[in-house]
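K.L.:
Could you have a look at this structure, given as structure tokens, before my questions?
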Amino acid sequence: MRPILIFRLLMLVVFSSMCFRGYALEDGIYVIKSKISDKPIEVADASLSEGANIQQWSDNNGSHQRWQISSVGEGIYSIVNANSGMAMEVYNFDTTDGANIVQWTYWAGETQHWYINDLGNGYSSIVNVYSDKSLDLYNFDTSDGANIAQWTHWGGDPQQWVLSPVVMPPDTLVIEENNAGFCRVDGSIDSNNMGFTGSGFANTDNQVGTGVEWAINVSTAGTYSFEWRFSNGSAAARPGALTVDGALVASVSFPTTGSWSSWAASETSTTWLSQGYHFVRLEATANAGLANIDSLSITGASLSAEVCDFGSTPTPTPPPEDIVFATPSLNSISVHDPSVIAAEGQFYIFGSHLSVARSVDMQNWVRVADGVNAQNPIFNNVVNELQEALSWAETNTLWAPDVASVNGRYLMYYNACRGDSPLSALGIASASNVGGPYTNQGIILRSGMWGQPSADGTTYNANVHPNVVDPAVFFDQNGRLWMMYGSYSGGIFIMQLDPSTGFPYGGQGYGKHLLGGNHARIEGAYVIYSPETGFYYMFSSYGGLSADGGYNIRVSRSANPEGPYYDSNGTNMASVKGAAGTVFDDASIAPHGVKLMGNYVFSGSNDTLGYVSPGHNSAWRDPATGQYFLLFHTRFPGRGEQHAVRVHEFFFNENGWPVVSPLRYAKKVDVNNSNRSFDQLQAVYAPEVPGTYQLINHGKDISAVIKQSTDIQLNSGGSISGGASGSWSYSQGERAISLVIDGTRYSGAVSRQWNQVRSRFEVTFSALSNDGTAVWGIRSN
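Under the UniProt record's numbering, think of the first position of the sequence shown as 1, with each following residue one higher.
Shown next as structure tokens:
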């Protein structure tokens, strides 16, 4: 054993009985120095990239050696680099000693949150919330470039840090209308009222969405305050919204000043600004427009005015005039809980009650089989073949299966459930062809054995043990095979399978718990990996599957197939469950998970463009085009329990979260040019985006209420009006859209999708807020 490790172990015994004294550290910028080396920690090479290493280096007074420490509540802090604006985190959810510390875009997860403990000797320990391990100068190394890692807390000098606040005199920049940094006003520069400074004041047009814009350059990242000198001679306040780089910062009240020649200072709005260029906009949120703006004062560490041309802005490419999209062919088919597999040149979906369909294009489906009966061609005689499972579950039908290609064979992971209890069996059948016939290989899991030993050896408890249904089998990026499963009861679990046989490795019991419990209404988990983002995405359905059950599709993600999975709020989904002693406690689970869709209807479509209780999805990525598809069943407004399969494209927003297109998928074909490139067919050009849209906000609720659309306008100047107010921007190359709607920022994608009511391909958008709420829009003019 290394001498250093021996010393660590000895000190661990000494310090294990010590109690930490938590203290309220003031938010601010700090230099964090090691006790053992007296060197500050920094982002290596002043990198602005995600994953950049955290190391120590001799003090050079650089902003990459400064850290904004901010309380996030309950004695927990985020530590954000002042140069990059990225948070210090434990890389890849690693809980082992020696795991690396890097920077990453702040997403408020536990790997980016830290306890800072006063040790009472002038030093502090910094402990990661997720791993419960201390920030550590690795291997007692005092040299420049020595790595910063995590290690089990033992209290030695490599785990003690000096946090020195950086005190800098504030710098105030005042921008008049005739100064550098002033960009434009949606109105005029006037000088007809007394008392202004400079050459005049900004007078916006009297309508919602008009604004004033400035450009600044921040030399030192930190907290900056904004204040305006204004006059308001009208009787009512003229409120505005402050946005920085398109993101809403604050609402600003501009009350009456009594006359247009009486000037006052506004309330102060503060925000964190990273180093670099920033675009500032103050936008009217009322029909009267803004107050008259004489000047903007910004106070912070170090900043200057910038030019307003944003670099060279290319002229948007107009859409090709000769492109004419062919009318697609689509039909409907009923397969409940469809699980997709691409095999033998087609797409097969397998669902409950042994219902199977196939398609060559995911638009037109042909039924292959239906019903748990002797005539179903998927088995020679399924009633006889799976009699053991059906008898155990006291049922005559099967629930949602999954089919996977494993070691040259197609394996069907079938399951039977009584339905009013978690009395279920899950087994494997195999076939040489995807369409069967399948031969039973045996039951691998059972549940619902009240008062008897369960798969993990303890007495079965439906509050914590799973209902062994709804399997989903997948390979990870390292070739390991996994099965995720579960419904209601104890939640969603995952097990590792032997890729040579498809059977679970021994000794796992029910596997690892990932989500749900205490009979929370969560089921139908499905996983897909995205090589573009590097995450595994776990889809699941919340609520009840019936038309009045509020079924809805949610997603969380993980860097590892076996989790833990997190939502966009940083919630570990393993903690999401019903309260103890409850059944179907929707209130406890509704705030968690990114909600992609629920009940909705677009107005004027005669309920055609609307779904009720969409859910139990699978997903597929086209390796040739990189397109992603969500396949699910749904019911419809006013049509009771009638259901059908639907396929929608989905995309990833700038934060790496899926956003689902609002309209059904149909392949785009140009009737004038069959050789039109894929990129041209997918493109949505900037001049096509402004217009009137029907907007759906899916919320986070689990409810039978059907969300109704409202009409909004995306105005060509970048404002939003109509049934909502705010701003928007569009990046044509990435088809990425950013919207601020009634004060909430959404990030998403623009796409062109088939509107079956208007019989044409329509410009649409789909976007998510930071808390995981989806909004959809379809062009309606």
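For every residue, glycine included, the Cβ atom is placed at its ideal position computed from N, Cα and C.
In whole angstroms, what is the alpha-carbon distance linking residue 554 and residue 596?
P.N.:
Counting from 1 along the sequence shown, the entry for residue 554 is found at position 554. Counting from 1 along the sequence shown, the entry for residue 596 is found at position 596. For residue 554 and residue 596, the distance between alpha carbons rounds to 5 Å.
K.L.:
What's the gap between the Cα of residue 205 and the Cα of residue 765?
P.N.:
By one-based count along the sequence shown, residue 205 stands at place 205. By one-based count along the sequence shown, residue 765 stands at place 765. About 29 Å.
K.L.:
How far does the beta strand (DSSP E) with residue 741 in it extend, from its first residue to its last?
P.N.:
The residue labelled residue 741 in the question sits at position 741 within the sequence shown. Note, residue 741: beta strand (DSSP E), 736-741.
K.L.:
Residue 413 and residue 398: beta carbons closer than 7 Å?
P.N.:
The residue given as residue 413 occupies position 413 in the sequence shown. The residue given as residue 398 occupies position 398 in the sequence shown. Cβ distance not < 7 Å, so residue 413 and residue 398 don't count as in contact.
K.L.:
What is the residue span of the alpha helix (DSSP H) that residue 776 lies within?
P.N.:
Along the sequence shown, one-based indexing puts residue 776 at 776. From DSSP, residue 776 is part of no alpha helix (DSSP H) but of the beta strand (DSSP E) over 774-779.
K.L.:
Quick one: Cα of residue 369 to Cα of residue 438, how far?
P.N.:
Walking along the sequence shown from the start, residue 369 turns up at place 369. Walking along the sequence shown from the start, residue 438 turns up at place 438. Residue 369 and residue 438: Cα-Cα distance of roughly 13 Å.
K.L.:
Nearest-angstrom Cα distance between residue 286 and residue 215?
P.N.:
Working through the sequence shown from its first residue, we reach residue 286 at position 286. Working through the sequence shown from its first residue, we reach residue 215 at position 215. About 24 Å.
K.L.:
Between the stretch 214-231 and the stretch 278-292, do at least 3 Cβ pairs fall closer than 8 Å?
P.N.:
Contact between the stretch 214-231 and the stretch 278-292 is present, because at least three Cβ pairs lie under 8 Å.
K.L.:
If you compare alpha carbons, which of 626, 722, 633, 777 is closest to residue 338?
P.N.:
Position 338 of the sequence shown, counting from 1, holds the residue named residue 338. Comparing Cα positions, the closest option is 633.
K.L.:
Can you list, in chain order, the residues of its chain whose CB lies under 7 Å from that of residue 735, leaving out five sequence neighbours each side?
P.N.:
If you number the sequence shown from 1, residue 735 lands on position 735. 684, 749, 750, 751.
K.L.:
With DSSP as the reference, label residue 660 as helix, strand or coil.
P.N.:
Here the question's residue 660 lines up with position 660 in the sequence shown. Of the three classes helix, strand and coil, the one that applies to residue 660 here is strand, per DSSP.
K.L.:
Just the C-alpha distance for residue 138 and residue 431, rounded to the nearest angstrom, thanks.
P.N.:
Looking up residue 138 in the sequence shown gives position 138. Looking up residue 431 in the sequence shown gives position 431. Taking the straight line joining both Cα atoms gives about 53 Å.
K.L.:
So, at 6 Å on beta carbons, what are the nonlocal neighbours of residue 844 in its own chain, with the 5 sequence-adjacent residues on each side left out?
P.N.:
This structure gives no information on residue 844, because the portion of the chain shown stretches from 1 to 781.
K.L.:
So the beta strand (DSSP E) residue 493 belongs to, where does it begin and stop?
P.N.:
Here the question's residue 493 lines up with position 493 in the sequence shown. It spans 492-497 - the beta strand (DSSP E) in which residue 493 sits, taken as one unbroken run.
K.L.:
Where does residue 262 sit, in a helix, a strand or coil, going by DSSP?
P.N.:
Numbered from 1 along the sequence shown, position 262 holds the residue referred to as residue 262. Here residue 262 sits in coil by DSSP.
K.L.:
Buried or exposed: residue 114, going by 16 or more other Cβ atoms within 10 Å of its Cβ?
P.N.:
The count along the sequence shown starts at 1 and reaches residue 114 at position 114. That one is buried.
K.L.:
Roughly how many whole angstroms lie between the Cα atoms of residue 476 and residue 563?
P.N.:
As a first step, residue 476 is located in the sequence shown; it is residue number 476 there, counting from the start. As a first step, residue 563 is located in the sequence shown; it is residue number 563 there, counting from the start. Rounded to the nearest angstrom, the two C-alpha atoms are 12 Å apart.
K.L.:
Quick check on the burial criterion: 16 or more other C-beta atoms within 10 angstroms. Buried or exposed for residue 134?
P.N.:
Numbered from its first residue, the sequence shown carries residue 134 at position 134. It is buried - the Cβ of residue 134 has at least 16 other Cβ atoms within 10 Å.
K.L.:
Unbroken alpha helix (DSSP H) runs of length 4 or more, entirely within the stretch 614-642: which are they?
P.N.:
List check, alpha helix (DSSP H) in window: nothing returned.
K.L.:
Compute the Euclidean distance between the alpha carbons of residue 724 and residue 465, then round it to the nearest angstrom.
P.N.:
Here residue 724 refers to the residue found at position 724 when the sequence shown is read from its first residue. Here residue 465 refers to the residue found at position 465 when the sequence shown is read from its first residue. Their backbone Cα atoms lie some 46 Å apart in a straight line.
K.L.:
Between the stretch 256-266 and the stretch 57-66, do at least 3 Cβ pairs fall closer than 8 Å?
P.N.:
Touching, no, given that fewer than three Cβ pairs across the two stretches are closer than 8 Å.
K.L.:
Looking at C-alpha atoms only, which residue of 292, 383, 243 is the closest neighbour of residue 745?
P.N.:
For the purposes of this step, residue 745 is identified with residue 745 of the sequence shown, where counting begins at 1. When only C-alpha atoms are compared, the closest one is 243.
K.L.:
Could you tell me which of 404, 769, 668 sits nearest to residue 656, measuring between CA atoms?
P.N.:
For this step, residue 656 is matched to residue 656 along the sequence shown. Residue 656 has its Cα closest to that of 769, out of 404, 769, 668.
K.L.:
Looking at the secondary structure, which residues open and close the beta strand (DSSP E) in which residue 218 lies?
P.N.:
One-based indexing of the sequence shown puts residue 218 at position 218. From DSSP, the beta strand (DSSP E) with residue 218 extends over 211-220.
K.L.:
Whose CA, out of 185, 59, 653, 25, lies closest to the CA of residue 532?
P.N.:
Taking the first residue of the sequence shown as 1, we reach residue 532 at position 532. Selected option, being the one with the closest Cα: 653.
K.L.:
Out of 362, 37, 288, which one is the CA nearest neighbour of residue 186?
P.N.:
Counting from one through the sequence shown, the residue named residue 186 turns up at place 186. Comparing Cα positions, the closest option is 288.
K.L.:
Is the beta carbon of residue 90 sitting closer than 7 Å to the one on residue 105?
P.N.:
The sequence position of residue 90 within the sequence shown is 90, counting from 1. The sequence position of residue 105 within the sequence shown is 105, counting from 1. In this structure, residue 105 does not lie closer than 7 Å to residue 90 by Cβ.
K.L.:
Indicate whether the contact test is met: 3 or more Cβ pairs, each with one atom in the stretch 704-719 and one in the stretch 355-367, closer than 8 Å.
P.N.:
Too few Cβ pairs lie closer than 8 Å, so no.
K.L.:
For residue 402, count neighbouring Cβ atoms within 10 angstroms of its own Cβ and tell me buried if that reaches 16, exposed if not.
P.N.:
For the purposes of this step, residue 402 is identified with residue 402 of the sequence shown, where counting begins at 1. So residue 402 ends up on the buried side.
K.L.:
Grab me the residues of residue 483's own chain with a C-beta within less than 6 Å of its C-beta, minus the 5 sequence neighbours each way, in chain order.
P.N.:
Taking the first residue of the sequence shown as 1, we reach residue 483 at position 483. Closer than 6 Å at the Cβ level, and outside the excluded window around residue 483, lie 471, 473, 495, 497.
K.L.:
Within the same chain, show all residues whose beta-carbon is closer than 8 Å to that of residue 253, passing over the 5 residues directly before and after it, in chain order.
P.N.:
In the sequence shown, residue 253 corresponds to position 253, counting from 1. For residue 253, where only same-chain residues beyond five positions count, the Cβ hits under 8 Å are 237, 239, 266, 267.
K.L.:
Using only the alpha-carbon positions, how far apart do residue 37 and residue 124 sit?
P.N.:
The count along the sequence shown starts at 1 and reaches residue 37 at position 37. The count along the sequence shown starts at 1 and reaches residue 124 at position 124. Going by the C-alpha atoms only, they are around 15 Å apart.
K.L.:
Could you give the residue range of the beta strand (DSSP E) that holds residue 87?
P.N.:
Locating residue 87 in the sequence shown gives position 87, counting from the first residue. Residue 87 -> beta strand (DSSP E) spans 87-90.
K.L.:
Let's see if you can read the secondary structure: which residues bound the alpha helix (DSSP H) around residue 586?
P.N.:
Within the sequence shown, the letter at position 586 stands for residue 586. Note, residue 586: alpha helix (DSSP H), 586-589.
K.L.:
Check whether the Cβ atoms of residue 647 and residue 631 sit closer than 7 Å, and answer yes or no.
P.N.:
What you label residue 647 is simply residue 647 of the sequence shown in a count that begins at 1. What you label residue 631 is simply residue 631 of the sequence shown in a count that begins at 1. Against a cut-off of 7 Å, the Cβ pair of residue 631 and residue 647 comes out as a contact.
K.L.:
Using the C-alpha atoms, what's the distance from residue 294 back to residue 275?
P.N.:
Here residue 275 refers to the residue found at position 275 of the sequence shown. Here residue 294 refers to the residue found at position 294 of the sequence shown. Rounded to whole angstroms, residue 275 to residue 294 spans 27 Å at the Cα level.
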